[in-house]
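Numbering (the numbering used here), first residue to last: 11 to 445.
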Ligand SMILES: *Cc1c(COP(=O)(O)O)cnc(C)c1O
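As structure tokens, then:
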């Protein structure tokens with residue numbers, strides 16, 4: 011059977027690129043910390059006829075007719091998200107009542123909508139500095155969060171790479187932010203939501219957790235839940251949560267009215283109902299016991315990889331990891347983050363360059379590499395493979411001029427990826443023949 015026969019016939023150019031991307035995802039080792047492999051069920055929902063439907067508004071309160079079926083889907087998504095992220099006490103009673111909006115097109119839109127809902131242009135927001143692991147949407151001057159609001163950063167300590175909570179408090183008391191963001195894109199340690207909340211309360215600020223990276227770990231029970239400490243929680247659905255590309259906002263009930271109108275009509279038009287369907291599917295998958303095992307394995311694999319990288323003489327920011335990612339610090343190595351990214355890419359290992367605290371090479375070159383285990387863990391790789399991959403990374407990075415190492419590593423990576431296939435029964439799979 012021809013994979014995607016309609017696409018192949020209508021548009022061979024796009025078809026060819028999609029096929030090549032499938033093969034890249036199958037054969038290369040994906041270690042970009044923000045990427046994952048969505049399930050076939052998620053992909054089917056995302057590729058469904060729901061893409062055709064306009065459904066501005068919320069279930070039962072739409073601006074268009076014919077929404078009875080997409081209402082079912084959006085309600086399922088909201089209910090499942092609430093079940094996943096509601097914190098429970100020892101008796102399994104809810105500690106707080108949270109509401110959910112599953113419409114944000116992506117994480118950036120979720121954050122923009124929260125700011126619009128809770129604060130005014132010109133108000134002060136506080137977030138982790140971009141160069142220290144924060145996200146563009148936490149107040150960077152090139153993002154609307156830094157243009158519309160007065161953004162003040164906090165940092166990690168250069169000595170141990172951890173968020174300096176004393177500095178957070180000092181900056182908060184001096185700058186009186188209206189909203190504090192806790193959350194990061196490149197921070198290998200656990201977040202202390204309660205400590206952030208104590209500081210937010212001292213200055214009467216909202217506390218927003220952006221769990222874009224760690225949502226799957228929270229859902230799977232390997233990272234603390236931001237509720238009840240945070241007023242609002244935003245996330246993506248495609249990183250550790252392993253759903254479709256998208257965003258979501260959850261909040262204590264009292265804030266939901268303002269948040270819902272900030273999403274629509276505040277910042278978006280019609281919701282992407284096919285993606286909301288795929289979110290519902292992903293949340294259902296995340297509710298299964300197997301997802302808790304997955305989240306545990308992601309973290310265990312990251313620890314094993316971090317340990318081995320350090321045994322091989324590479325430094326890690328903060329000396330290790332509590333979550334799904336680590337930052338290899340190349341400050342003392344001859345190779346830059348940019349060159350390391352290219353070199354590892356040629357060896358079949360996909361990573362991204364990243365600044366490190368105290369960066370000396372600059373943001374385009376960088377002295378770091380961000381490495382994450384969510385995608386390799388989805389393929390079924392475990393501790394032995396995590397250690398092997400760490401060994402291969404170390405061999406490549408510690409012998410930068412050595413072409414033979416790059417070539418043998420590429421072979422071993424491709425063998426490993428064939429041993430742990432992904433999308434093997436997918437139409438057009440390059441791995442299909444042997445599984
Ligand atoms: C990835 C990420 C986002 C943005 O997500 P997009 O879906 O790319 O818009 C926001 N915040 C954090 C912390 C992230 O890591």
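We put the beta carbon where it would ideally sit given N, CA and C, even for glycine.
Check                                                                                                       : Outcome
Ranges of the alpha helix (DSSP H) found wholly within the stretch 75-110, counting only runs of at least 4 : 78-95
Backbone CA spacing between residue 181 and residue 164 [nearest angstrom]                                  : 7 Å
Ligand 1 heavy atom lying under 6 Å from the CB of residue 226                                              : no
Burial state of residue 73, where buried means 16 or more other Cβ atoms lie within 10 Å                    : exposed
Reduced DSSP secondary structure (H/G/I, E/B, other) of residue 41                                          : coil
N-terminal and C-terminal residue of the beta strand (DSSP E) that residue 63 is part of                    : Neither: residue 63 is in no beta strand (DSSP E) and is coded neither H nor E.
Helix, strand or coil at residue 222 according to DSSP, with G and I counted as helix                       : coil
Segment contact flag, the stretch 225-239 with the stretch 23-32, C-beta cutoff 8 Å, min 3 pairs            : no
Residue 118 beta carbon near ligand 1 (any heavy atom closer than 6 Å)                                      : yes
For residue 201, the three-state DSSP class (helix, strand or coil)                                         : coil
Three-state secondary structure (DSSP) of residue 272                                                       : helix
Those residues which DSSP pairs with residue 325 across a bridge                                            : 339
Rounded C-alpha distance that separates residue 38 from residue 222                                         : 24 Å
Residue 284 and residue 58 closer than 7 Å at C-beta                                                        : yes
Per DSSP, the bridge partner or partners of residue 189                                                     : 135 and 216
Residue(s) in a DSSP beta bridge with residue 71                                                            : 68
For residue 403, the nearest candidate out of 431, 85, 352 and 429 (CA to CA)                               : 352
Neighbourhood of residue 389 by C-beta, 8 Å cutoff - its chain only, sequence neighbours within 5 removed   : 47, 427, 430, 431 and 432
Endpoints, alpha helix (DSSP H) assigned at residue 249                                                     : Neither: residue 249 is in no alpha helix (DSSP H) and is coded neither H nor E.
Residue range of the alpha helix (DSSP H) that includes residue 384                                         : 384-388
Counted within 10 angstroms of its Cβ, other Cβ atoms place residue 56 as buried (16 or more) or exposed    : buried
Identity of the residue in 415, 341, 233 and 159 nearest residue 365 by Cα                                  : 341
Residue 143 Cβ short of 6 Å to ligand 1 heavy atom set                                                      : no
Spatial distance of residue 259 from residue 339 (CA atoms)                                                 : 33 Å
Start and end residues, alpha helix (DSSP H) containing residue 1                                           : With the chain represented from 11 up to 445, any question about residue 1 goes unanswered, as that position is not in the structure.
Selection from 337, 387, 385 and 356 that minimises the alpha carbon distance to residue 363                : 337
As assigned by DSSP and simplified to three states, the class of residue 124                                : helix
Nearest to residue 371 (by Cα), restricted to the options 98, 141 and 54                                    : 141
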